[in-house]
Structures are given as C-alpha cells and as structure tokens.
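Trainee: Provided herewith is a single structure, encoded as structure tokens, for subsequent inquiry.
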Amino acid sequence: MQIGMIGLGRMGGNIVRRLMRNGHTAAVYDRDQRAVSALVTDGAVGASDIEDLLRKLETPRVVWVMLPAGPITESTIETLSGLLSSGDVVIDGGNTFWKDDIRRARWLKQRGVHYVDVGTSGGVWGLERGYCMMVGGEKETVKRLDPIFATLAPGEAEIPPTAGREGRDPRPERGYLHAGPSGAGHFVKMIHNGIEYGLMQAYAEGFDILKNAGSEALPKEERFNFDLTDIAETWRRGSVITSWLLDLTASALTRDADLGDYTGYVEDSGEGRWTIMAAVDEAVPADVLSAALYARFRSRRDHTFGEKILSAMRQGFGGHVEPKAGP
86 MQIGMIGLGR MGGNIVRRLM RNGHTAAVYD RDQRAVSALV TDGAVGASDI
136 EDLLRKLETP RVVWVMLPAG PITESTIETL SGLLSSGDVV IDGGNTFWKD
186 DIRRARWLKQ RGVHYVDVGT SGGVWGLERG YCMMVGGEKE TVKRLDPIFA
236 TLAPGEAEIP PTAGREGRDP RPERGYLHAG PSGAGHFVKM IHNGIEYGLM
286 QAYAEGFDIL KNAGSEALPK EERFNFDLTD IAETWRRGSV ITSWLLDLTA
336 SALTRDADLG DYTGYVEDSG EGRWTIMAAV DEAVPADVLS AALYARFRSR
386 RDHTFGEKIL SAMRQGFGGH VEPKAGP
C-alpha cells in the first residue's frame, strides 16, 4: 500500500522505514526538511508541504499523522480536512486524548473522510521489534488498512498464542488489535500507558529500597551493600517480574550503577493523567496508577534514586531526555 506520513520524529520516520522495507511505498512531510531528506535517501518520496504531500498520493489517500498530541495535531488534521476527498483516510498514531478522536471522526465523516486512531507502542525500537497497535475506527476502514498494520506489528515471533484462543481474531496474536469504534484505540493505549506508569514505579521503588539497604540509619548488622546491576541481571532470567522494562533497567545499571547521568526529574506525557480521569469518571479505584502519577509530580521537586531508574527506563524505550531540572 501507499501511505503519506506527516511527522518524522522518533517514531514516524521508523514507521515509514519499516513499511518500505516490506514493500509499501510512502510520501513524507515534516517541518524539518532534513528529516524528509533522510527518508528520501531511504526510498520515500519527499514533500515540501501538506498540499504537496497529498498531490503525491494515489486516491483514495491514506495519511498518517504522527505528531505530539495537542494543538499541532489538531491544526494538522484541520488542514487535511479542507484538502482531502471522500473515501480518504486520516490516521492519528500519536498519543491523542480519546474524546478528541470521537469529535474528529464525527466531523470528518460529514466530509466523507474516514478517521482511524492508532495507539502505538514500541518507541524508538519499533523499526526492528515492530509496533504494538491498538486501533479504533470503522470496521471496514480498519480492514482496508490491515496490510499496513500487519507489516508494522511484531508478528507472532517466538511468543506462542495463549492456550484456548482457537477461533478468535488472530490479529492480537500478531501484536495489533481492532479495539472498537473511534476513540477506542487511544483509550486502550491510554490505559496501557497508565499501567506502564505503575510498573515503572514499582521497579523504581524496589531498586531504591535495595540502593538504601546500606544506610547508616540502619543497625550495622542489618545493612547490605547490594550490587544492583547483578540483581537486575538475575531477575531478567526466569523471575516472575521479568519484562522489557527490567531489560532496560539492567542495561542502564550496567552502563552506570549510580545512574549519574540522570537527575531523577520525570515528566509525564498526558496518558497517565487521562487514565486517572477515566478512573474517576467510572468510579474505579486506581490506587497504584494514581500514586505512580503523583510520584512523577513530586520528582520535579525532590529527586531520589528511584526517579533516576524511571528516567533511565523512559530514555531506554522512548528516547525521552530529561529536561533541565530546577532547584
């Protein structure tokens, strides 16, 4: 299939590369023309602006927007709405708030344009590992885009299907899901990221306790000087808490056991807050996820070793770089 990509940052560019490596074609646009030139070198068709991008796509056109959630995505989709034709498709693969998806889908439908929201997980490693995707939109439109999602997904790899899944939709076994109508994809991704906050916080607090087990505040015979690097490596192999997040933690500790390159100032990117908002709306207790979010707020005032663990994980999976922290 042919796709147009707007936004060639940490994930957008590699999504295009993964598609092209597997026989799809792409036209690309980014405000940074250096990013465009890099994709052209890899085989994409470059565009100078959005109108130019659309001219280079065959109809019905598929345009994937991979930009930060908020005003820039909103204004881009507004621009597209005035340029696209009936039957064209807009995909938003960023971390958009799901209620915005519902509004946009309704608005674009009046123009005959289809809208698909794709919660995309995979970070900077997606080019090689593939992307786990949670898709929202009309059933027929999602089916039409299946060749794109099938290419981007990790595939079954070495993970066997869960026992008893015979006769069910095979797409989740390959790493992508049609979650439901407009907004459903980003809703599922929102909860995914809320859970991610909780998992990361659990690792961070655990390693912080291990780090401080040698505190002079403890009786001398109760102090331990643990090698966190070796503990992380041990846990990666056969323990019940093994995960990619633990892999990233082990890697960061191996490079520097004290994580001296991190301050422990931890940002949140929105999905954690939206998860708590959804929990409040649904009257669902979310103690762990709430605490994990508030811990990030606190990290911007008072930093611990645990927050350094969080920063290291965020850089590992998403390329997130700490901002300059204040006093």
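Residue numbers for the sequence shown follow my numbering, so the first one is 86 and each next one is one higher. For glycine and all other residues, C-beta sits at the position ideal for the given N, C-alpha and C. Values in this document were obtained by computation on a predicted structure and should not be read as measured data.
Mind checking who Y200 pairs with in its DSSP beta bridge?
Mentor: V175
Trainee: Excluding the 5 residues preceding and the 5 following V203 in the sequence, name in chain order all residues of the same chain whose CB lies nearer than 6 Å to its CB.
Mentor: Hits under 6 Å: I176, G178, M218, V220, G270.
Trainee: Starting from L262, follow its DSSP beta bridges and name the residues at the other end.
Mentor: M219
Trainee: Using a threshold of 9 Å, state whether the C-beta atoms of G89 and D115 are closer than that.
Mentor: no
Trainee: Does the distance from the C-beta atom of G391 to that of E301 stay below 9 Å?
Mentor: no
Trainee: Leaving aside the five residues before and after G94 along the sequence, list all residues of the same chain whose C-beta is less than 6 Å from its C-beta, in chain order.
Mentor: none
Trainee: Buried or exposed, going by whether 16 or more other CB atoms sit within 10 Å of the CB of I276?
Mentor: buried
Trainee: Taking C-alpha atoms, which residue in E136, R386, D185, M362 lies nearest to S170?
Mentor: Ranking the options by Cα distance to S170, first place goes to E136.
Trainee: Please classify G94: does DSSP put it in a helix, a strand, or coil?
Mentor: coil
Trainee: Could you give the distance in angstroms between the alpha-carbon of G403 and the alpha-carbon of R386?
Mentor: 23 Å
Trainee: Hey, quick one: how far does the alpha helix (DSSP H) through W329 stretch, first residue to last?
Mentor: 329-340
Trainee: At a cut of 8 Å, does the region 94-107 reach the region 149-161 through at least three beta carbon pairs?
Mentor: yes
Trainee: Using the Cα positions of A298 and E306, report the straight-line distance between them to the nearest angstrom.
Mentor: 11 Å
Trainee: Just the Cα atoms here: how many angstroms apart are S354 and T334?
Mentor: 20 Å
Trainee: Quick check on the DSSP output: the beta strand (DSSP E) that includes V273 runs from which residue to which?
Mentor: That residue, V273, is in no beta strand (DSSP E); its alpha helix (DSSP H) goes 269-296.
Trainee: Just to confirm my understanding: we take N99, look at its own chain, exclude 5 residues before and 5 after, and list those with CB closer than 8 Å. What are they?
Mentor: V209, G211, L212
Trainee: How many whole angstroms separate the CB atoms of M86 and V147, which I take to be in contact at a CB cut-off of 8 Å?
Mentor: 7 Å
Trainee: Comparing alpha-carbon positions, which option in F272, Y200, L374, G349 lies nearest S384?
Mentor: Selection F272, Y200, L374, G349 evaluated against S384 yields G349 as nearest (Cα-Cα).
Trainee: In its own chain, which residues sit with a C-beta less than 7 Å from the C-beta of E407, not counting the 5 before and 5 after it?
Mentor: Y347, T348, Y350, S396
Trainee: Under the three-state reduction of DSSP, which class applies to T389: helix, strand or coil?
Mentor: coil
Trainee: From R102 to A248, what does the alpha carbon distance come to, in whole angstroms?
Mentor: Between the alpha carbons of R102 and A248 lies a distance of about 34 Å.
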